[in-house]
Structures are given as structure tokens and as C-alpha cells.
Amino acid sequence: AQSVTQPDIHITVSEGASLELRCNYSYGATPYLFWYVQSPGQGLQLLLKYFSGDTLVQGIKGFEAEFKRSQSSFNLRKPSVHWSDAAEYFCAVGPSSGSARQLTFGSGTQLTVLP
Amino acid sequence: GAGVSQSPSNKVTEKGKDVELRCDPISGHTALYWYRQSLGQGLEFLIYFQGNSAPDKSGLPSDRFSAERTGGSVSTLTIQRTQQEDSAVYLCASSSGGAYNEQFFGPGTRLTVL
Chain R
-18 AQSVTQPDIH ITVSEGASLE LRCNYSYGAT PYLFWYVQSP GQGLQLLLKY FSGDTLVQGI
42 KGFEAEFKRS QSSFNLRKPS VHWSDAAEYF CAVGPSSGSA RQLTFGSGTQ LTVLP
Chain U
3 GAGVSQSPSN KVTEKGKDVE LRCDPISGHT ALYWYRQSLG QGLEFLIYFQ GNSAPDKSGL
63 PSDRFSAERT GGSVSTLTIQ RTQQEDSAVY LCASSSGGAY NEQFFGPGTR LTVL
């Protein structure tokens, strides 16, 4: 069964500092990988996705993520955090084949940004 | 609207009552998903509809939960005889059903069972 682990429940960074949110997955084949962000009271917004090809993917709001097959990781990064980035971030894995199409989500990482 | 919409945004009910949650997917999207987000938890898959195929109900936690999708568009999630542990945010998502399966989420319905 596929699974996603986000080891950091809560991360605090200062505005302007760099950010890395960790995500590890377990899946039998190459999965499709996603990062979503959820602001308070909002639904989930897709930040970026990896399907194939270049292992460094760019997303919205200045975020990027790197797929590392050898480490089963898909960590999210941003070089300079803005106060508006404070939110909860979810990593998700989806099947690249088969009839089951639902995403499996990690438990999320809450990001606090200090002024 | 261009996005996924859900109603109501908030629902407070008494234990033992039935509730219905509605989801309007993006027009033209053939796939529709329901997830549940409990406090401090990630998202838990509930049910998946794809076109006219039989739904994947493998995530429904009990037989008190059911969902239908009428005309391949609007979906209703029904919870019968609600329990306090059903309190959560229920999120709906839709996708084009293609190979890449990018899912677009609605704002959710926050259900509180007293």
C-alpha cells in the first residue's frame, strides 16, 4: 500500500529565510507526486506536481520540489519565505496506473512565518 | 463558477441525525472524489466516481456513509445517524479523469456533530 510521511508536524521560519519541507513516500512504482497548500478556512490549492521527466519541478508562488527516486523523497523548497506563506502544506502521492485514482496524503506540515 | 463548490460551508447537527453534503465539480470533469480531514490529520479518502463506472467505495468508514452522483455531475455525500467522531471537514475534488489526475479541491464542508 502506498503511504506518505511528512516528518515535520510544525516548522517555524523567519520571513526572508529559506524553507524546506520534507516528504517521503512509499510506492511500488514511480508515482505521481503533488504538493498542496491549505490556508486557514480554505480548500487545498495545488502548488506543483511531478509526473515524469525533469526531477526538479517549479510551482506557483516561487516554490519548487525535487524528486529523488533513490531516497523516495519529494521535498518542497522556497528560497525566501513571505509572511503570506504561513499555511499547512500537504504532500500527496497518486498512482501512475491502474483503476484506483485517489491520492494518498501525508498528515501535513504547519508553517509559521515570523516577522 | 470555474471551481469546485460545496454546500453548506458549515453544518452543525445533533448526534443521531442524518446529514447531506453537496459537491458541484468543475464542469466537464468526469472524476469526483470525497475526502475527510479530521482535526490535525491529513486527508482520508472516502469514495471516488469516474464517469459511469461503479464508484470506488473502499474508503467509506462504515455503512452509515454513502454517496451518489447524479447525471455524472453533482454529488451528495450522506451520513446517517451521525456520531461525534464524524465531525470533520469533508472535501470534494474533481479531475478530468485523464492519466495525470490533477485534482481540484472545493473549500470543504465543516461538519460538527454535537
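Taken in sequence, the protein lines are chains R and U. FYI, our numbering numbers position 29 of the first sequence as 10, with every residue one higher than the one before it. To get our numbering, take the position in the second sequence, counting from 1, and add 2. Where a beta carbon is used, it is the ideal one built from N, C-alpha and C, also for glycine.
(message) Please state whether the Cβ-Cβ distance between residue 108(U) and residue 7(U) is less than 7 Å.
(response) Position 106 of the second sequence holds residue 108(U). Position 5 of the second sequence holds residue 7(U). Closer than 7 Å, so yes.
(request) Could you give the DSSP three-state label for residue 9(U): helix, strand or coil? (result) Here residue 9(U) refers to the residue found at position 7 of the second sequence. Residue state, collapsed to three classes: strand.
(request) Work out the CA separation of residue 1(R) and residue 70(R) for me, nearest whole Å. (result) Within the first sequence, the letter at position 89 stands for residue 70(R). Within the first sequence, the letter at position 20 stands for residue 1(R). Approximately 11 Å between the Cα atoms of the pair.
(request) Please name the residue in 29(R), 52(R), 33(R), -12(R) whose C-alpha comes closest to that of residue 46(R). (result) On the first sequence, position 65 is the one that residue 46(R) refers to. Minimum Cα distance to residue 46(R) is reached at 29(R).
(request) Using three-state DSSP, classify residue 66(R) as helix, strand or coil. (result) Here residue 66(R) corresponds to residue number 85 of the first sequence, with the count starting at 1. Three-state result, residue 66(R): helix.
(request) Taking residue 109(U) as the query, report the chain R residues whose CB atoms sit under 9 Å from its CB, ordered along the chain. (result) Position 107 of the second sequence holds residue 109(U). Result: 22, 23, 24.
(message) Let me check understanding here. Comparing Cα to Cα, which of 93(R), 86(R), 96(R) lies closest to residue 17(R)?
(response) To locate residue 17(R), count along the first sequence from 1; it is residue 36. That would be 86(R), whose Cα lies nearest to the Cα of residue 17(R).
(request) Would you mind sorting residue 105(R) into buried or exposed? The rule is 16 or more other CB atoms within 10 Å of its CB. (result) The shown model of chain R, from -18 to 96, leaves out residue 105(R), and the question about it has no answer.
(request) Check the Cβ of residue 104(U) against every Cβ in chain R and list those closer than 7 Å, keeping chain order. (result) Residue mapping note: residue 104(U) aligns to position 102 of the second sequence, counting from 1. 27, 30, listed in chain order.
(request) Express the C-alpha separation of residue 97(U) and residue 104(U) in angstroms, rounding to a whole number. (result) For the purposes of this step, residue 104(U) is identified with residue 102 of the second sequence, where counting begins at 1. For the purposes of this step, residue 97(U) is identified with residue 95 of the second sequence, where counting begins at 1. Approximately 6 Å, taken between the alpha carbons.
(message) Which residues does DSSP list as the beta-bridge partners of residue 15(R)?
(response) In the first sequence, the residue the question calls residue 15(R) occupies position 34. Bridge partners of residue 15(R): 30(R), 73(R).
(request) Using beta-carbon positions only, say whether residue 34(U) and residue 77(U) come within less than 7 Å of one another. (result) Along the second sequence, one-based indexing puts residue 34(U) at 32. Along the second sequence, one-based indexing puts residue 77(U) at 75. Yes, the pair counts as a contact, with Cβ atoms nearer than the cut-off.
(request) Using only alpha-carbon positions, find the residue among 56(U), 42(U), 4(U), 30(U) that is nearest to residue 89(U). (result) Looking up residue 89(U) in the second sequence gives position 87. For the residues 56(U), 42(U), 4(U), 30(U), the minimum Cα distance to residue 89(U) belongs to 42(U).
(request) State buried or exposed for residue 27(U), treating a residue as buried only when at least 16 other CB atoms are found within 10 Å of its CB. (result) Taking the second sequence and counting its residues from 1, the one referred to as residue 27(U) is at position 25. With 16 or more other Cβ atoms within 10 Å, it is buried.
(message) My output table needs one value for residue 52(R): the three-state DSSP class, helix, strand or coil.
(response) Within the first sequence, the letter at position 71 stands for residue 52(R). Helix at residue 52(R).
(request) Give me the Cα-Cα distance between residue -15(R) and residue 91(R), rounded to the nearest whole angstrom. (result) Working through the first sequence from its first residue, we reach residue -15(R) at position 4. Working through the first sequence from its first residue, we reach residue 91(R) at position 110. Cα to Cα, residue -15(R) sits roughly 16 Å from residue 91(R).
(request) Report the three-state DSSP secondary structure of residue 86(U) (helix, strand or coil). (result) Taking the second sequence and counting its residues from 1, the one referred to as residue 86(U) is at position 84. Note: residue 86(U) maps to helix in three-state DSSP.
(message) Going by beta-carbon coordinates alone, are residue 19(U) and residue 84(U) separated by less than 7 Å?
(response) What you label residue 19(U) is simply residue 17 of the second sequence in a count that begins at 1. What you label residue 84(U) is simply residue 82 of the second sequence in a count that begins at 1. Yes, these two residues count as a Cβ contact at 7 Å.
(request) Using the Cα positions of residue 96(R) and residue 64(R), report the straight-line distance between them to the nearest angstrom. (result) Within the first sequence, the letter at position 115 stands for residue 96(R). Within the first sequence, the letter at position 83 stands for residue 64(R). Taking the straight line from one Cα to the other gives about 7 Å.
(request) Pull out every residue of the segment 36 to 49 of chain U whose Cβ sits closer than 7 Å to any Cβ of chain R, in chain order. (result) 43, 44, 45, 47
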